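A short worksheet on the structure shown next.
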Amino acid sequence: MSEATEKTIPAEKLVRVTFLPEGRTVEFEFGTMPYEHHGRPMSFLDVAENFGVFLDHACGGVCACTTCHLWIKDQQGISPAEDDELDRMDMAADQQLNSRLGCQAIITGPGNYVVEIPKWNRNYVSEGKPLALAENK
Ligand code: FES
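In my numbering, the protein residues as written are 2 to 138.
This is the structure in structure tokens:
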């Protein structure tokens with residue numbers, strides 16, 4: 002499923018982000034997205050907040066939890082992880098080579114980006130929020 006863009010975005014400025022497993026794709030013109038005050042500007046959390054895609058962010062996007070953990074399919078065009086993020090990622094469940102924090106990984110230019118939100122998240126359970134997986138134990 003893809004959201005129709007209301008105006009034509011020049012191809013050289015098009016940012017397309019697909020959130021898995023939901024498969025929702027959003028598009029916008031690079032440099033025009035307003036900042037939603039969650040995570041770093043142009044982070045995946047910022048994009049998610051702009052388009053109403055649910056991406057948990059228990060700490061508000063300040064690199065103090067791991068609830069915004071994402072797997073990014075292709076790291077090209079993404080800002081490198083800084084020390085704070087790397088330290089925090091050590092606490093994340095299901096860490097993979099392409100793991101990033103959605104509030105810290107920034108889209109640096111136009112292009113296609115695909116991210117997957119893990120179904121299981123250690124902080125999510127430990128913070129006592131309702132979660133089907135926790136209830137099934
Ligand atoms: S929202 Fe807490 S680290 Fe990203």
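Backbone N, C-alpha and C define an ideal beta-carbon position, used for all residues, glycine too.
If you're wondering where the values come from, they're calculated on a predicted model, not measured in any experiment.
Close beta carbons around residue i, own chain, < 6 Å, minus the five adjacent residues each side
| i | result |
| --- | --- |
| L21 | E117 |
| T109 | G78, S80 |
| V115 | T19, K74 |
| A49 | L56 |
| L112 | The amino acid at residue 112 is misidentified as Leu; the sequence shows Gly. Contacts found: G78. |
| K138 | Note that K138 scores a pLDDT of 38, beneath 50, so its modelled location is shaky; the value from the coordinates is reported in the next line. Hits under 6 Å: none found. |
| E30 | I10, K14 |
| M92 | T67 |
Assigned exposure category for residue i - 16 Cβ within 10 Å defines buried
| i | result |
| --- | --- |
| G103 | buried |
| P11 | exposed |
| E1 | Residue 1 lies beyond the stretch modelled for the chain, which goes from 2 to 138, so this question has no answer here. |
| V63 | exposed |
| H58 | buried |
| L87 | exposed |
| E136 | For E136, the predicted model reports a pLDDT of 40, less than 50, meaning its position is unreliable; a value from the coordinates is still stated below. Result: exposed. |
Own chain residues within Cβ distance below 7 Å of residue i, not counting five before or after
| i | result |
| --- | --- |
| T6 | Low confidence applies to T6: its pLDDT is 49, below 50, so where it sits in the model is not reliable, and the reading given next is rough at best. Contacts found: E28. |
| E37 | D47, E50, N51 |
| G53 | none |
| R89 | C64, T67, L102 |
Any C-beta of chain C under 7 Å from that of residue i
| i | result |
| --- | --- |
| S100 | Going by chain labels, chain C is absent from the structure shown, which holds only one protein chain. |
Integer-rounded CB distance, given that residue j should sit under 8 Å from residue i
| i | j | result |
| --- | --- | --- |
| L56 | C66 | 12 Å between Cβ atoms; not a contact. |
| M43 | I107 | 5 Å |
| Q105 | R17 | Between R17 and Q105 the Cβ distance is about 21 Å, and since that is not below 8 Å, they are no contact. |
| H139 | G61 | Shown here, the chain extends from 2 to 138; a query on residue 139 therefore has no answer. |
Beta-carbon contacts of residue i that lie in its chain and below 8 Å, excluding the five residues immediately before and after
| i | result |
| --- | --- |
| P119 | H70, L71, W72, A94, D95 |
| Q97 | W72 |
| G32 | K14 |
Touch test, the stretch 68-82 against the stretch 93-103, Cβ-Cβ under 8 Å, three pairs minimum: yes
Can you give, in chain order, each stretch of the alpha helix (DSSP H) that sits fully within the stretch 58-97 and has at least 4 residues? 84-90
Taking only runs that begin and end inside the stretch 5-60, name each unbroken alpha helix (DSSP H) of 4 or more residues, in chain order. 45-52
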